[in-house]
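Read the structure below first, then the notes.
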Amino acid sequence: MGLIISPFIIGAFAIIVFAIKKSYRLWSSGTIGLLEIGIGITLSLALFGVIVLRYVMKGKYWALSPFFIFPIFTVIIPFIIYIVMTNISFLRFDYISNLLLVSLSITGILSIAYDYTFSWLMDYFNIQTTY
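Pasting the structure below:
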């Protein structure tokens, strides 16, 4: 199973490193500020909350499911949207794409806490783990 999970984890890690570097450059140049970082944190926590709410509503989850769901929905899909928005030159999506990039950076930084928090929430809501 590790052979199937590892491309998602490695890909998400590479995207997060890219997002952190690019966000730092945007912060240094003054393109983004505290407002954008606050919106990025909110977006990142909202995505996490939606995923946890999905598991709570379902009442059970497969033990390895978070290793697929979190990288795909919190990193890979927002990064694809970021790439599409930056490549559409005739529409001005710069601000929204920068928010997505900051959100990806925040997700990467908080991903360590997400694992512990997710486990705690699943225990708190008494969600059954399926193996």
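Counting in my numbering, the sequence shown runs from 2 upward without gaps. From the three backbone atoms N, C-alpha and C, an ideal C-beta is built for every residue, glycine too. Source: prediction; values computed, not measured.
Residue burial is scored here from C-beta neighbours: Ile6 has fewer than 16 other C-beta atoms within 10 angstroms and is therefore classed as exposed. Straight through space, the alpha carbons of Tyr132 and Phe94 are spaced by roughly 42 Å. A direct Cα-Cα distance of roughly 12 Å separates Glu37 from Ser106.
In this structure, Ser98 places its C-beta atom within 7 Å of the C-beta atom of Met86.
Here the alpha carbons of Leu65 and Phe126 stand approximately 18 Å from one another.
In this structure, Thr75 is the residue among Ile11, Val18, Thr75 with its C-alpha nearest to the C-alpha of Leu46. Only buried fits Thr108, as 16 or more other CB atoms lie within 10 angstroms of its CB. Nearest Cα to Ile113 within the set Pro72, Pro8, Tyr25, Leu44: Pro72. The C-alpha of Leu4 is placed about 33 Å away from the C-alpha of Thr43.
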